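Counting in the working numbering, the sequence shown runs from 16 upward without gaps.
Think of the CB as a built atom: it goes at the ideal place given N, C-alpha and C, for glycine as much as any other residue.
On a predicted model such as this, the values are computed, not experimentally measured, just so you know.
Report on the structure given below.
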Amino acid sequence: MAEFSVNPGLSIAIYEQADRIAGDHTWSFNDTDIAPALRDWFAPFIAQSWPRYDVRFPERKRTLEIGYCTGNSETLRACVQPLMDAGRLQVHLGQTAPDDVAGPFIDASGYEPRDDEFPGWQKFVGRVIRTELPHGVSHPVIMDATVEQIDGYRFIYLLPFSDRDILVEDTYFSDTPALSENEIGDRIATYIAQKGWQNHEVLRSEKGVLPMMMATDRDEHSPSIGLKGGFAVAATGFTVPHAVEVADIIAQAIRRDGPEAAPEAIRAHRTHHIHRERYARLLNRMFFRAAEPSQRYVVLQRFYGLGEGLIRRFYRNGLTGRDKARILIGKPPVPVSKALANFSETDFIRRERAKGTQS
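Given below as structure tokens:
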């Protein structure tokens, strides 16, 4: 970003199919999700941060003293603009990369379904609104699951940018990627009215459908990154922590061995990433296949009753063996028979492929 000393002789070309770089999105994460050595480098992307956030369930409401951060398309564009002004970054809008692109090529064109990946889905519609009077939300509510449970696990996500500007996002952890923006928009309007924010204006809207991986036997070697490359936190769908990590891996590989080293560094890191996400994929199988859709909220309600240190480690993918046992042991929020049936990733993949053959 602002650190021009990293690989100062390198120039990069981005081919962006949209009409502007970075789109119109919000990306959030826990501040502990980013490695300490990378936080200063990444800081310009952060638009706002808070020292805590809330979760709300029918039988549990809790404030967690975990720092929470958000960035957006505007802050991302501001980060890359100095590189564009210096001529080190060329952005080609409304274009796909030509077949004869010179130099190493990295594909970040977005998620596409694959026959070696088996996801559940996180999907959402969000509205940033400006209320006439202060809305009264002082810090993020990352899950308000006291709403009606529809299409799997449903919750409202609240991100207050000021005392009158707030993102209201209706999110679903669902079995299918189907998304009805109008239908969900009506539910958002109902939620806003219930909060007493009737007099408001909509500043912008956003929507998304993200994979939450349940199983994979991916073994391909393309130098792809982002969701295209499978780099997302399986249990949350978060992409920012892995985007920062992968960017650093690419930069360090180029510093050591030149631009040609970047693709192999990505491939090696993907192998590591798939291995370390095994437990998160297990949790997703418990969530999407062992729990009844209308009762999925119980899984998260129980999880957010665990210790704050464990929750921090969960988000940064640093669970200990004891942590993993603690999450699974206790009064089961899912039927034991279904949990056992979905325990083996290999068996799960075999069954999923058999279903595909029969359909």
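Near the ligand FAD: aspartate 55 beta-carbon under 7 Å from a heavy atom: The ligand FAD is absent from the structure shown, which contains no ligand whatsoever.
Residues near leucine 108 by beta carbon distance below 8 Å, same chain, minus five either side: Cβ neighbours of leucine 108 beyond the five flanking positions: Glu31, Ala33, Asp34, Arg35 and Ile36.
Length of the line joining the Cα atoms of leucine 194 and aspartate 338: Approximately 35 Å, taken between the alpha carbons.
Collapsed DSSP secondary structure at proline 238 in the structure displayed: Proline 238 falls in the coil class under three-state DSSP.
8 Å contact criterion, which valine 259 and aspartate 185 should meet: CB distance rounded: About 27 Å; that fails the 8 Å criterion.
Chain-order list of residues whose beta-carbon lies under 6 Å from that of serine 239 (same chain, five-residue window excluded): Around serine 239: Asp122.
Residue(s) in a DSSP beta bridge with methionine 227: In the DSSP output, where bridge partners are listed per residue, methionine 227 has Gly135.
Residue from Ser309, Arg341, Gly320 and Leu343 with nearest C-alpha to phenylalanine 170: Nearest of Ser309, Arg341, Gly320 and Leu343 to phenylalanine 170, Cα basis: Ser309.
Span of the alpha helix (DSSP H) around lysine 370: Segment 360–373, the alpha helix (DSSP H) holding lysine 370.
Opening and closing residue of the beta strand (DSSP E) in which threonine 78 lies: Counted as a single uninterrupted DSSP element, the beta strand (DSSP E) harbouring threonine 78 occupies residues 75–79.
Neighbourhood of isoleucine 281 by C-beta distance below 8 Å, restricted to the same chain and skipping five residues each side: Excluding the 5 residues flanking it on each side, isoleucine 281 has same chain C-beta neighbours closer than 8 Å at Ile121, Pro238, Ser239, Ile240, Gly244, Val261, Ile264 and Ile265, in chain order.
Segments of 4+ residues assigned as alpha helix (DSSP H) that fall wholly inside the region 271–321: Taken in chain order, the whole alpha helix (DSSP H) runs of length 4 or more contained in the region 271–321 are 277–291, 293–300 and 311–318.
Close-in-space but distant-in-sequence residues of the same chain around threonine 78 (CB under 6 Å, 5 per side omitted): Closer than 6 Å at Cβ, skipping near neighbours: Arg67 and Asp69.
Endpoints, the beta strand (DSSP E) within which asparagine 87 is located: Looking at the DSSP string, the run of the beta strand (DSSP E) that includes asparagine 87 is 83–87.
Residue from Pro73, Ala230, Ser43 and Arg328 with nearest C-alpha to phenylalanine 253: Checked all of Pro73, Ala230, Ser43 and Arg328; the closest Cα to phenylalanine 253 is Ser43.
Rounded separation between arginine 311 and proline 348 - CA only: The straight-line gap from Cα to Cα measures roughly 8 Å.
Nearest-angstrom Cβ-Cβ length linking histidine 257 and alanine 247, presumed shorter than 8 Å: Contact between histidine 257 and alanine 247 is confirmed by a C-beta separation of about 6 Å, below the 8 Å threshold.
Endpoints, the alpha helix (DSSP H) within which glutamine 32 is located: In the DSSP assignment, glutamine 32 falls outside any alpha helix (DSSP H) and carries neither an H nor an E.
For glutamate 360, the nearest candidate out of Ala230, Gly24, Ser177 and Gln316 (CA to CA): Answer by Cα proximity: Ala230.
Whether arginine 327 touches isoleucine 81 by CB criterion (8 Å): With respect to isoleucine 81, arginine 327 sits close: the two C-beta atoms are nearer than 8 Å.
Cα-Cα separation between lysine 370 and phenylalanine 133, rounded to whole angstroms: Approximately 12 Å, taken between the alpha carbons.
Assigned exposure category for glycine 324 - 16 Cβ within 10 Å defines buried: Residue environment for glycine 324: exposed (fewer than 16 other C-beta atoms within 10 angstroms of its C-beta).
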